[in-house]
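**Student:** Before anything else, here's the structure in question.
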Amino acid sequence: MSAQKAVLLSAVQPSNRLTVGNYLGALKNWVRLQNEYDCLFFAVDLHTITLRQDPKALREQTYRAIATYIAAGIDPAKATLFIQSHVPEHAELAWVLTCFSYMGELNRMTQYKDKSAKEGSNIPAGLFIYPTLMASDILLYGTKLVPVGSDQKQHVELTRDIAIRMNNIYGGDLFVVPEPFIPPSGARIMSLQDPTSKMSKSDPDPNSAVYLTDTEDQILKKVKRAVTDSGTEITYEDTKPGVKNLLDIQAAITGKSHPELVSSYAGKMYGHLKVETAQLLAQELAPIRTKTDELLKDLSYLDKLLQDGAEAARSRAQVTLARVYDRLGFVPGRYPRRSF
Ligand code: AQP
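Just so you know, we're using this note's numbering here: the sequence shown kicks off at 13 and counts up by one.
What follows is the structure, encoded as structure tokens:
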């Protein structure tokens, strides 16, 4: 890792097994980005508890997420790899940022509106303030670039607003102001059962997503059942979201362009497209599944790696938190007195 490289940070919530959406939209890009940027990749367990989780499943899924990052090609020697709760500075800075954010701006977050609508009358307060935890994740490391899908762009904008607000009060060098970063091939993979909504790991219908744990047989069954339309011609159009989604999956795996893929299916049926998409997926995911399972057999190796990652992350996070506490006027205690 080089100090000159821009800091890039990204994470996944271990709220279930990861899907091929998480893989093609995030992990596969991270593998490329780790060579160009100073990358921090982590599993956000603190974010995950904004909705109720089963403790045993959460622990397993968190280990599995980290093992999957490595199996997909993240090199712990190149990128800092850790679990969010292992770096307590995330929760500490989040509190400070909560004090500098406004109810009105948090109320405008569409993710909060969407997720709270599903919760009935008992909406966990964490769902409301979680964008300030995300702001903390970002600001702790002087992050310049945050790869995000369109659904998360609003949270990066909020992070910018809070950073600029605090920089205006406490000095322009308090926080690096981050920017949303749209990776070159940022595929957005849609649900196999409802191709107008995003494939999501917490979708209650297991047929809506291909999980990275799925076997070749399961992948084939799910993709064969994927909702398409009553037509027959394979074209890349908004009016055919199911077909478009399968072509997007193929494009993200092979790097081929949509016109190239469409012309290769001239005169063929939806069935061909489904079977070939399933085969490509199975081929791409099998080595990741095998490697993940292998890694999960040796938790002591993962624990050591995570401890090293957390130490590296903490030593960076503490510099930011110490600067913030000093500027706020806190009496130095945990951190030595120094001029920031
Ligand atoms: N369907 C998708 N297509 C492309 N990228 C996706 N990502 C998620 N789903 C797709 C990307 O994966 C990263 C991690 O996402 P997250 O775990 O922080 O939460 P999310 O975006 O809300 O993902 P899920 O799978 O839908 O999670 P749940 O169901 O727990 O809310 C992000 O980079 C995201 O863009």
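Backbone N, C-alpha and C define an ideal beta-carbon position, used for all residues, glycine too.
Taking the straight line between their C-alpha atoms, what separation do you get for Asp217 and Gln230?
**Tutor:** Here residue 217 refers to the residue found at position 205 when the sequence shown is read from its first residue. Here residue 230 refers to the residue found at position 218 when the sequence shown is read from its first residue. Rounded to the nearest angstrom, the two C-alpha atoms are 14 Å apart.
**Student:** Helix, strand or coil: which one does DSSP assign to Asp250?
**Tutor:** Stepping through the sequence shown from its first residue, residue 250 is reached at position 238. The answer is coil: DSSP assigns Asp250 none of H, G, I, E or B.
**Student:** Given a cut-off of 8 Å on the beta-carbon distance, is the pair Gly37 and Ala290 in contact?
**Tutor:** Here residue 37 refers to the residue found at position 25 when the sequence shown is read from its first residue. Here residue 290 refers to the residue found at position 278 when the sequence shown is read from its first residue. Result no, Cβ atoms of Gly37 and Ala290 do not sit closer than 8 Å.
**Student:** Since Pro159 and Ser22 should fall inside the 8 Å C-beta cutoff, what is the C-beta to C-beta distance between them, to a whole number of angstroms?
**Tutor:** In the sequence shown, the residue the question calls residue 159 occupies position 147. In the sequence shown, the residue the question calls residue 22 occupies position 10. Correct: roughly 5 Å between the Cβ atoms.
**Student:** Identify whether Tyr223 lies in helix, strand or coil by the three-state DSSP scheme.
**Tutor:** Residue numbering aside, residue 223 sits at position 211 when the sequence shown is read from its first letter. Tyr223: strand per DSSP, three-state reduction.
**Student:** Whose CB is closer than 5 Å to a heavy atom of the ligand AQP? List the residues in chain order.
**Tutor:** Val24, Gln25, Ser27, Gly33, Asn34, Gly37, Ala38, Gly161, Arg200, Ile201, Lys210, Met211, Ser212, Lys213, Ser214
**Student:** Using the beta-carbon count (16 or more within 10 Å), is Asn47 buried or exposed?
**Tutor:** Here residue 47 refers to the residue found at position 35 when the sequence shown is read from its first residue. Asn47 should be labelled exposed.
**Student:** List, from N- to C-terminal side, the alpha helix (DSSP H) runs of 4 residues or more that fit wholly inside the region 296–347.
**Tutor:** 311–340
**Student:** Would you call the region 258–269 in contact with the region 49–69, where contact means no fewer than 3 C-beta pairs closer than 8 Å?
**Tutor:** no
**Student:** Count the other C-beta atoms from every protein chain shown that fall within 10 angstroms of the C-beta of Cys111, then say buried if there are 16 or more, exposed otherwise.
**Tutor:** The sequence position of residue 111 within the sequence shown is 99, counting from 1. Exposed is the call here.
**Student:** Do you know offhand how far Lys210's Cα is from Tyr248's?
**Tutor:** Within the sequence shown, residue 210 is the residue found at index 198, counting from 1. Within the sequence shown, residue 248 is the residue found at index 236, counting from 1. C-alpha separation (whole angstroms): 18 Å.
**Student:** From the DSSP secondary-structure annotation, give me the bridge partner or partners of Val158.
**Tutor:** Looking up residue 158 in the sequence shown gives position 146. DSSP, once it has assigned bridges, lists Pro192 as partnering Val158.
**Student:** Taking the C-alpha atoms as reference points, what is the distance between Ala325 and Lys236?
**Tutor:** Along the sequence shown, one-based indexing puts residue 325 at 313. Along the sequence shown, one-based indexing puts residue 236 at 224. Looking at the two C-alpha atoms, the distance is approximately 43 Å.
**Student:** Do Leu105 and Leu139 have their C-beta atoms within less than 8 Å of each other?
**Tutor:** Taking the sequence shown and counting its residues from 1, one reaches residue 105 at position 93. Taking the sequence shown and counting its residues from 1, one reaches residue 139 at position 127. Contact check for Leu105 against Leu139 fails: the beta carbons are separated by 8 Å or more.
**Student:** Is it the case that the region 279–294 contacts the region 239–247, given that we only count it when at least three CB pairs across the two stretches are under 8 Å?
**Tutor:** With the rule of 3 Cβ pairs closer than 8 Å, the region 239–247 counts as touching the region 279–294.
**Student:** Tell me which same chain residues have a C-beta within less than 7 Å of the C-beta of Ile135, skipping the five on either side of it?
**Tutor:** Your numbering for residue 135 matches position 123 in the sequence shown. Within the same chain, Ile135 has close Cβ partners Ser128.
**Student:** Where Asp310 and Val343 are concerned, what is the direct C-alpha to C-alpha distance, given to the nearest angstrom?
**Tutor:** Position 298 of the sequence shown, counting from 1, holds the residue named residue 310. Position 331 of the sequence shown, counting from 1, holds the residue named residue 343. Straight-line Cα distance between these residues: approximately 43 Å.
**Student:** Using the Cα positions of Met13 and Leu52, report the straight-line distance between them to the nearest angstrom.
**Tutor:** Here the question's residue 13 lines up with position 1 in the sequence shown. Here the question's residue 52 lines up with position 40 in the sequence shown. Its pLDDT being 47, under 50, Met13 is placed unreliably by the model, and the measurement read from it follows with that caveat. Approximately 11 Å between the Cα atoms of the pair.
**Student:** With a CB to CB cut of under 7 Å and the five nearest residues on each side skipped, what residues in its chain are close to Gln166?
**Tutor:** Position 154 of the sequence shown, counted from the start, is the residue given in the question as residue 166. Its chain contains Met121, Thr122 as the residues whose beta carbon lies nearer than 7 Å to that of Gln166, once the 5 sequence neighbours on both sides are disregarded; these appear in chain order.
**Student:** In or out: Pro271 buried (at least 16 other Cβ within 10 Å) or exposed?
**Tutor:** As a first step, residue 271 must be located in the sequence shown, where it is residue number 259. It is exposed - the Cβ of Pro271 has fewer than 16 other Cβ atoms within 10 Å.
**Student:** Quick one: residues in its chain with C-beta nearer than 7 Å to the C-beta of Asp101, no 5 flanking neighbours on either side, listed in chain order?
**Tutor:** Here residue 101 corresponds to residue number 89 of the sequence shown, with the count starting at 1. Here the sequence assigns Glu to residue 101, which means Asp is not the residue at that position. Answer for Glu101: Leu152, Arg326, Ala329, Gln330, Leu333, listed in chain order.
**Student:** Go through its chain and collect everything with a Cβ distance to Lys17's Cβ below 6 Å, but skip five positions before and after it.
**Tutor:** As a working mapping, residue 17 is identified with position 5 in the sequence shown. Only Tyr49, Asp50 meet the Cβ criterion.
**Student:** Going by C-alpha to C-alpha distance, which of Asn28, Pro253, Thr266 sits closest to Ser203?
**Tutor:** In the sequence shown, residue 203 corresponds to position 191, counting from 1. The residue with the shortest Cα to Cα distance from Ser203 is Pro253.
**Student:** Strictly by DSSP, which residues pair up with Phe53?
**Tutor:** Residue mapping note: residue 53 aligns to position 41 of the sequence shown, counting from 1. Per DSSP, Ser22, Leu93.
**Student:** Quick check: the Cα distance between Lys213 and Thr225, rounded to an integer number of angstroms?
**Tutor:** For the purposes of this step, residue 213 is identified with residue 201 of the sequence shown, where counting begins at 1. For the purposes of this step, residue 225 is identified with residue 213 of the sequence shown, where counting begins at 1. The alpha-carbon atoms of Lys213 and Thr225 are separated by roughly 12 Å.
**Student:** What's the gap between the Cα of Val336 and the Cα of His98?
**Tutor:** As a first step, residue 336 is located in the sequence shown; it is residue number 324 there, counting from the start. As a first step, residue 98 is located in the sequence shown; it is residue number 86 there, counting from the start. Distance between the alpha carbons of Val336 and His98 is about 20 Å.
**Student:** Measuring only the C-alpha atoms, how far is Met146 from Val43?
**Tutor:** Translated into the one-based positions of the sequence shown, residue 146 becomes position 134. Translated into the one-based positions of the sequence shown, residue 43 becomes position 31. Rounded to whole angstroms, Met146 to Val43 spans 22 Å at the Cα level.
**Student:** Along the alpha helix (DSSP H) that carries Gly138, what are the first and last residues, could you check?
**Tutor:** Taking the sequence shown and counting its residues from 1, the one referred to as residue 138 is at position 126. From DSSP, the alpha helix (DSSP H) with Gly138 extends over 137–151.
**Student:** Kindly indicate which residue of Ile82, Tyr124, Thr74, Thr92 has the alpha-carbon position closest to the one of Asp163.
**Tutor:** The residue given as residue 163 occupies position 151 in the sequence shown. Minimum Cα distance to Asp163 is reached at Tyr124.
**Student:** Using only the alpha-carbon positions, how far apart do Tyr75 and Glu296 sit?
**Tutor:** Residue numbering aside, residue 75 sits at position 63 when the sequence shown is read from its first letter. Residue numbering aside, residue 296 sits at position 284 when the sequence shown is read from its first letter. Spanning the two alpha carbons is a distance of roughly 21 Å.
**Student:** By how many angstroms is the C-alpha of Ile86 removed from the C-alpha of Ala175?
**Tutor:** Locating residue 175 in the sequence shown gives position 163, counting from the first residue. Locating residue 86 in the sequence shown gives position 74, counting from the first residue. Spanning the two alpha carbons is a distance of roughly 29 Å.
**Student:** Nearest to Tyr182 by CA position, among Leu20, Tyr347, Leu340, is which residue?
**Tutor:** In the sequence shown, residue 182 corresponds to position 170, counting from 1. Ranking Leu20, Tyr347, Leu340 by Cα distance to Tyr182 puts Leu340 first.
**Student:** Do Ala79 and Leu12 count as a contact pair if the criterion is CB distance below 8 Å?
**Tutor:** Past the edges of the chain, shown from 13 to 352, lies residue 12, and the structure says nothing about it.
**Student:** If I measure Cβ to Cβ from Leu317 and keep anything under 6 Å in the same chain, skipping five residues before and after, which residues do I get?
**Tutor:** Along the sequence shown, read from residue 1 onward, the residue named residue 317 stands at position 305. Pro88, listed in sequence order.
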